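For what it's worth, UniProt numbering labels the leading residue of the sequence shown as 5, then goes sequentially.
Glycine included, C-beta positions come from ideal geometry on N, C-alpha and C.
What you are looking at is a predicted structure, and each value in this text was computed from that prediction instead of being measured.
This report concerns only the one structure given below.
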Amino acid sequence: LGELTLVPTPIGNLGDFSPRSREALEKADIILAEDTRTSGKLLKHFEITTPMRSYHMHNEHKVVEGIITALEQGANYALISDAGTPGISDPGFLLVRACVEAGISVQCLPGPVALIPALVLSGFPSDRFVFEGFLPVKKGRQTRLMSLQEETRTMVFYESPHKLIKTLKDFVSVFGASRKVSVSRELSKLYEETIRGSLAEVLEHFEQQAPRGEFVLVLQGGG
Ligand code: SAM
């Protein structure tokens, strides 16, 4: 039997790509990549010549079976996403589940992921937290927010720059303007910063300075 290795890739700083990650990509027979053009640049930079196949949310259901067959025949696969850890708000879960069900060994190397530095930088309790990923954009959004209204643990969300202000406004209506939030942007990159304050203050900040880059929102728990 072959095995599957999930390999984290940098979220903005190539210095975060670990020697073990490089070795895993070099040794794999095939690298499954979310976007072969994006990952092509990373592979080129690190002089990794392993062939790539695309594996993304639009084809994962279709290709999982074939990958499992190849793994059963002894091929070793590595899975990478555009950035960070595969399976975290990125494709990966379906393939891992299929491997577990087929008795194929799976490894996930530790490495870059956006939620952990943002959580730790928030200054909110980090001994317990909930990761909510991206909020639904339309359908189910209000229900999701209401389900968090009584949450006492620190909450972590991913958000795109053009939806950040809308999400902060929705947080004000659900959690109140004085609830504290910490917004980290461009983690590990040149313009990394973390803005902390009440929801009202942080909303005002971004209304004055349009959100740009990649964001993680960390919301203080209630109570
Ligand atoms: N798999 C990734 C991980 O391990 O964190 C997450 C992929 S998800 C499609 C992309 C989102 O992650 C962005 O919209 C943003 O919320 C967050 N993100 C990724 N890189 C980031 C960075 N350098 N700074 C802040 N947030 C980041």
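Given 8 Å as the limit, tell me if residue i has its C-beta closer than that to any heavy atom belonging to the ligand SAM.
{"i": "T89", "result": "yes"}
{"i": "V134", "result": "no"}
{"i": "E163", "result": "yes"}
{"i": "P23", "result": "no"}
{"i": "D39", "result": "no"}
{"i": "P114", "result": "no"}
{"i": "R145", "result": "no"}
{"i": "R200", "result": "no"}
{"i": "K193", "result": "yes"}
{"i": "G19", "result": "no"}
{"i": "F219", "result": "yes"}
{"i": "L119", "result": "yes"}
{"i": "A82", "result": "no"}
{"i": "R189", "result": "yes"}
{"i": "P12", "result": "yes"}
Which class does residue i belong to by DSSP, given the choice of helix, strand or coil?
{"i": "residue 276", "result": "Nothing about residue 276 can be reported from this structure: the residues present for the chain run from 5 to 227 only."}
{"i": "L168", "result": "helix"}
{"i": "Q146", "result": "helix"}
{"i": "A204", "result": "helix"}
{"i": "S192", "result": "coil"}
{"i": "A35", "result": "Looking at the sequence shown, residue 35 is not Ala but Ile. Correct three-state label for I35: strand."}
{"i": "A102", "result": "helix"}
{"i": "E64", "result": "helix"}
{"i": "L125", "result": "helix"}
{"i": "L139", "result": "coil"}
{"i": "G44", "result": "helix"}
{"i": "F210", "result": "helix"}
{"i": "G19", "result": "helix"}
{"i": "A82", "result": "strand"}
{"i": "L119", "result": "helix"}
{"i": "R24", "result": "helix"}
{"i": "V11", "result": "coil"}
For residue i, collect the residues of the same chain with a Cβ closer than 6 Å to its Cβ; drop the 5 residues on either side in sequence, then sort them by chain order.
{"i": "Q111", "result": "T9"}
{"i": "G217", "result": "R189, E190"}
{"i": "L47", "result": "none"}
{"i": "S85", "result": "E38, D94"}
{"i": "E64", "result": "P95, L98"}
With a cut-off of 9 Å, does the C-beta of residue i fall near any C-beta of chain D?
{"i": "S130", "result": "No chain D is part of this structure, which consists of one protein chain only."}
Can residue i be considered in contact with the ligand SAH, in the sense that its beta carbon sits closer than 8 Å to one or more heavy atoms?
{"i": "K170", "result": "Annotation note on the ligand SAH: not contained in the displayed structure, which lists the ligand SAM as its ligands."}
Can you list, in chain order, the residues of its chain with a C-beta nearer than 8 Å to that of residue i? Leave out the 5 residues immediately preceding and following it.
{"i": "S182", "result": "S202, L203, A204"}
{"i": "P215", "result": "P165, H166, L168, I169, R189"}
{"i": "L209", "result": "First, the residue type needs correcting, since residue 209 is His and not Leu in the sequence shown. Correct list, in chain order: I199, G201."}
{"i": "T6", "result": "For clarity, residue 6 is Gly in the given sequence; the question names Thr instead. Excluding sequence neighbours, G6 sits near D33, A74, L75, E76, Q77, G78, A79, N80, Y81, I108."}
Report all residues from its chain with a CB closer than 7 Å to the CB of residue i; omit the five preceding and five following residues, and keep chain order.
{"i": "R148", "result": "L139, P140"}
{"i": "V67", "result": "Y59"}
Note to self: Between the stretch 53-73 and the stretch 30-42, can you find at least three pairs of beta-carbon atoms closer than 8 Å?
What the structure shows: yes
Note to self: When you compare the stretch 149-162 with the stretch 132-140, are there three or more beta-carbon pairs, one atom per stretch, that lie closer than 8 Å?
What the structure shows: Yes, the stretch 149-162 is in contact with the stretch 132-140.
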